[in-house]
Ligand code: MN
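Numbering (my numbering), first residue to last: 18 to 324.
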């Protein structure tokens, strides 16, 4: 597995995620944006939703809200995330599924736990990542890629101790089916004790690891990165990931990387543009209805997903 000779990227900084209330009041773990780390270009935000077990009637989500100028990526680990939008899309993201939504010029959508989970309760765990778009794509036509778990390529190391789901990019010979506007790596790793893999990662990419279960060693350092911590990766051409000896549970982590966009970022809530003027335009376009609205059927209104 080892890519001998490639300079390994070492951890330059560890950030512990903070808790934050989102949408109609659900809690997320958010490593960034945070004070001192506004973005990891091209990534604007990383939220871990849950893991949480909702009692019946307890689950809430994010009712109708707009986005413009970037992409939202939803990756479900557990539970069911229901969405619908002003372009008439409607669907459910289930465990292992990915929804890669390019908001582009603008979309209004809702993101809710499924009706079943709202009514009967259940476990919810997943991620939302915001990926920035370069200036010339910020006002592009909205686009969806909805990929069921069965189509997400998986691979394992020869010793079987490391496994990866390749959502974007390439690892251990598996190549993603999702098409990204700019070069992106998005991988979900599982590392048992004794796992030791080194995977190439383009030297121009900015990259980080976020551990969401157990603990893992990143790079050649002995210190472990713990659950809820993000490790920023320094320069190099490869990422080394290791399990921790004697660990009772496999480490789970996301490896995210991408080519930095390198443009000014002006952000206001759900809008991410290049200038303040463009933000004001986004607010005005939303308020005047130019980003559309969600048309609901009686059945969905009955679901009580939003007012
Ligand atoms: Mn959203």
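Note that beta-carbon positions come from the ideal geometry of N, C-alpha and C, so glycine has one too.
Using a 10 angstroms sphere on the CB of residue 33, the tally of other CB atoms stays under 16, which defines it as exposed. Residue state for residue 302 is assigned as helix, using DSSP reduced to three classes. Residue side-chain check: residue 128 places its Cβ nearer than 6 Å to a non-hydrogen atom of the ligand MN.
Closest in C-alpha terms to residue 309, from the list 23, 50, 83, comes 83. Look at residue 89 here: in three-state DSSP terms it is strand. Between residue 127 and residue 64, the gap from beta carbon to beta carbon reaches 7 Å or more. Residue 71 counts as buried, since no fewer than 16 other beta carbons sit within 10 angstroms of its beta carbon. Under the DSSP definition of a beta bridge, residue 66 partners with 45, 143. At the C-beta level, residue 130 and residue 115 stay beyond 7 Å of one another.
Here DSSP, grouped into helix, strand and coil, assigns residue 134 to helix. If you ignore the 5 residues before and after residue 190, its C-beta comes within less than 7 Å of the C-beta of 172, all in its own chain and listed in chain order. At least one heavy atom of the ligand MN sits closer than 6 Å to the Cβ of residue 89. Boundaries of the beta strand (DSSP E) around residue 108: 107–111.
Selection 217, 209, 220 evaluated against residue 233 yields 209 as nearest (Cα-Cα). In the DSSP assignment, residue 213 forms a beta bridge with 259.
Note: residue 125 is bridge-paired with 83 in the DSSP secondary-structure output.
Distance from the CA of residue 157 to the CA of residue 121, rounded to the nearest whole angstrom, comes to 5 Å. DSSP, reduced to helix, strand and coil, places residue 250 within a strand of the structure shown. CA-to-CA, the gap between residue 277 and residue 61 works out to about 11 Å. With respect to the 7 Å criterion, residue 86 and residue 289 are classified as neighbours on the basis of their beta carbons.
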